[in-house]
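Input: a single structure, listed below in structure tokens.
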Amino acid sequence: MGHRLAAMPGLCCGPTASRSPCVSSYPVDKQPPWSLTSFFVLQHLLVLASLLCVCHILLLQNLPQENEKSNRLLATSLFTCGISTALQTTLGSRLPLVQAPSFQFLIPVVILSRQPLALDRTHRNGGAGSLGCSELPINSTGSWNQMIREAAGAVLVSGVLQMLIGVSGLCGFISHHCGPMVLAPTLSIIGFSIYKEAALLCSANWGISMLLIALMVLLSQNLRSCYLPVWMWKQWKGFVQKTYFPVFRMFSMLLPISCIWIVHGILNHFGKQTELQGLALENLSTAENTTLASPWIKVPYPGEAGWPLLNIQALSMGTVLAITSSINSLGCFVLCSRVQQAPPIPRHACNRGICMEAIGNLLSGILGSVSGAACSVPNVGAIGLTKAGSRHSVQLCALLCVLLGMSPRLTELLTTIPLAVHGGVLSVSHAVTVGAGISYFQYTDIDSGRNIFIVGFTVFMALLVPRWLSATTSHITTGWCSLDLLLLSLLSAPVFLGGFWSFFLDNTISGTLKERGLLPHQSKWHPLSGDSSHQESKLESAHVYELPPALKQCPVYLRTHYPCCVLCPPDDKSVGVQEIVIVPEEGTNLLLKPSSMVLDLDLNNQELPQLPLQSE
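For the sequence shown, the positions run 151 to 766 when my numbering is used.
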């Protein structure tokens, strides 16, 4: 179809080399024209709105109904997401990652909001220890402020723990020990983890959801090679320099969402009901009944809803939030670099990314936001579909989020998007995550019995345990309420189970490097050290993940001292020469060190075919 369209005059007349659907239209460090940037910003905002609204829908179902305060909560979350996104793209990983409320934050917060059930069960069982629920009468009153304060305290604790994870270099260490057999099941589970919520939202109106999905697939896949002429505006010359862009592919999410949203608004204006009644998500406040009560301008400030409440429960929930959010963000780092065809993210960029995310969560907790801020999987999936992942566009989207977050009335306009649209957006974007995870299996020996067991066991347990615990929470009763909440929240998170089991099994079950997909010539993501492709990849990686120019003036000697040594890129002069010996015996050494300069292959003195030195 792409070849037939390419022959149509005036439709697909761009250069042949630029029409490859696999090439990113706008890489991380390339700035699009302002005419396109404005539409990219709106596209990121609409995808972010789906995740933002859905998380608040599911959260507010478990809290007392106070519309005015729920409106403030939505605006505050958008405000903190904007600041966190700006930090992530400027000082953090430097990838075009939008920060948004995550479903990983939702699980422990919802469990915390249902604490009265655990309280009653503890009293009926006749025992609560010194740290039991009887000491925490917060949720028994059903007070909105008390619940919000306790949830904000958990978000604050998660920010502190994430900061420790990033500054200690633990995140970079773990990322260095994540091979294809860890990334493949983990990314797939991240994509599968919200299928229930997506189905629930689509059930509001399956017709709208299927129409949205069909339009997204048509524009991003079938018409991905269709280029349209675009005239650029230049001062003193007017509209000149006709160029060609894959408009349908680049705006494959903006066009369907905006069109269906506009039609939905027109039909509702004339009294036509487009969504089914009786849905379990009907308690979300909409612009029709709450916008008039929301102020135009209201800047969030610390302590507006009370200061975060810190106790044993908040510590337990904060620990869960830090662990699950870090796993989710690490997966997003890898996923974003993959769909953008950027170099693999280095250790120092991972550590900085987690630190900036921690600052965003600290700010969320202080301002009273209960949803936190983590890397948005739907936005990364949107980049994979549109191939437009400019860092500059995401930074402008962050600025727009901050401005909208200071106007609760404008923020409420996002709640008028149909629920079925949210379901379609989450379905398509998370499908990209699942596909990207599965694609990592190509680097491994998938016929190996070891790998078959790791994949099957990891995916099965990640889906089985949360399903078992969702039936009833009484399966976990240790006598300490806080410990019960900690275990229940961890074991209810598929992302934690998938990441833990894949990492543990791949690093403990013996296997050859070929089985695990870790030989340098097997994957272009780990080029051979010392060859020309490695040097090119190193320069490209430095260009994508380097610090801003103002921070690059930091003295070199500071980079060798803690904590700068785990947050800043290493000095090229300090990289030494190491000799790596790869033997065929089964072992658990995971990755080759990037500083390797000599590769010695000694496979029982057997001659091997020469390995290719060029990346695929």
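All residues carry an ideal CB built from backbone N, CA and C; glycine is no exception.
Remember, it's a predicted structure, so these values are computed and weren't measured experimentally.
Span separating the alpha-carbon of VAL578 from that of ALA364: 10 angstroms
Per DSSP, what are the beta-bridge partners of LEU378 in this structure? PHE395
As a quick exercise: from LEU201, PRO182, ASN221, PRO183, pick the residue whose alpha carbon is nearest that of GLY531. LEU201
Return yes when the Cβ of SER652 is within less than 8 angstroms of the Cβ of PRO335, no when it is not. Yes. Within cutoff.
Can ALA304 and ALA464 be called in contact, C-beta distance under 8 angstroms? yes
Delimiting residues of the alpha helix (DSSP H) encompassing CYS409: 404-419
Let's test the definition: count the other Cβ atoms within 10 Å of the Cβ of LEU517 and tell me whether it reaches 16, buried, or not, exposed. Buried is the call here.
Rounded C-alpha distance that separates PRO396 from THR622: Per the coordinates, the alpha-carbon of PRO396 lies some 50 angstroms from the alpha-carbon of THR622.
What residue from ARG666, GLU300, VAL197 has the CA that sits closest to ILE407's CA? VAL197
Pick helix, strand or coil for TYR593, following the three-state DSSP scheme. helix
Measuring only the C-alpha atoms, how far is HIS676 from THR239? Annotation note: pLDDT 48 at HIS676 (below 50); position unreliable, no value reported.
Closest to CYS631 by CA distance: which of LEU535, ILE261, LEU560, ALA508 is it? ILE261
Answer with yes or no whether the minimum CB distance from LEU619 to chain D is below 8 angstroms. Absent from the structure: chain D. Only one protein chain is present.
ILE288 by DSSP, collapsed to three states: which one? Only weak support is given to the placement of ILE288: the predicted model assigns it a pLDDT of 39, under 50, and the value that follows is read from those uncertain coordinates. Of the three classes helix, strand and coil, the one that applies to ILE288 here is coil, per DSSP.
Suppose the cutoff is 8 angstroms on Cβ atoms and the five residues either side in sequence are ignored; what does the same chain contact list for SER598 look like? Shown here for SER598: same chain residues with a beta carbon closer than 8 angstroms to its own, the five before and five after excluded, namely GLY661, GLU665 in chain order.
Validate contact between the stretch 550-565 and the stretch 307-320 using beta carbons, cut 8 angstroms, 3 pairs: no
With a threshold of 8 angstroms on Cβ separation, who are the neighbours of LEU619 within its own chain once the five nearest residues in sequence on each side are excluded? HIS625, ILE626, LEU638, LEU641, SER642
CA nearest to the CA of LEU580, picked from ILE602, TYR712, LYS346, PRO616: Strictly speaking, residue 580 in this sequence is His, with Leu absent from that position. Checked all of ILE602, TYR712, LYS346, PRO616; the closest Cα to HIS580 is LYS346.
Going by DSSP in three states, ALA304 sits in which element: helix, strand or coil? helix
CB of ALA348 within 8 angstroms of CB of GLY587, strictly: no
On the DSSP letters alone, give me the boundaries of the alpha helix (DSSP H) that ASN529 sits inside. 527-536
Three-state secondary structure (DSSP) of GLN249: Note: GLN249 maps to strand in three-state DSSP.
Return the CA-CA distance between VAL413 and LEU361, expressed in angstroms with no decimal places. Cα to Cα, the separation comes out at about 13 angstroms.
With a CB to CB cut of under 6 angstroms and the five nearest residues on each side skipped, what residues in its chain are close to GLY534? VAL489, VAL582
Outcome for LYS743 when other beta-carbon atoms lying within 10 angstroms are tallied against a minimum of 16: Caution is warranted here: a pLDDT of 43 is assigned to LYS743, below 50, making its placement in the model unreliable, and no coordinate value can be reported.
Could you name each continuous beta strand (DSSP E) segment of 3 residues or more that falls completely within the stretch 462-491, going from the start of the chain to the end? none
Mapping DSSP to helix, strand and coil, what is TYR345? Three-state result, TYR345: helix.
Over the uninterrupted alpha helix (DSSP H) stretch that includes CYS715, give me the two end residues. Element bounds for CYS715: 714-717.
Look up ALA524 in the DSSP assignment and give the residues it is bridged to. ALA250
Inter-residue Cα distance where the pair is SER402 and LEU633: Each residue's Cα considered, the two are about 46 angstroms apart.
Can ILE339 and ASN478 be called in contact, C-beta distance under 8 angstroms? It is not a contact, given that the beta carbons lie outside the stated cut-off.
Three or more C-beta pairs under 8 angstroms: does that hold for the stretch 319-327 against the stretch 479-486? Touching, per the Cβ criterion.
Pick helix, strand or coil for TYR176, following the three-state DSSP scheme. strand
For ARG399 and LEU369, what's the separation of their Cα atoms in angstroms? 6 angstroms
Thinking C-alpha only, which one of ILE207, SER557, PRO713 is nearest HIS498? PRO713
Below 8 angstroms on the Cβ atoms is my contact criterion, and I expect ILE596 with ASP656 to pass it. Report the Cβ-Cβ distance as a whole number of Å. No, ILE596 and ASP656 are not in contact; Cβ-Cβ is about 14 angstroms, not under 8 angstroms.
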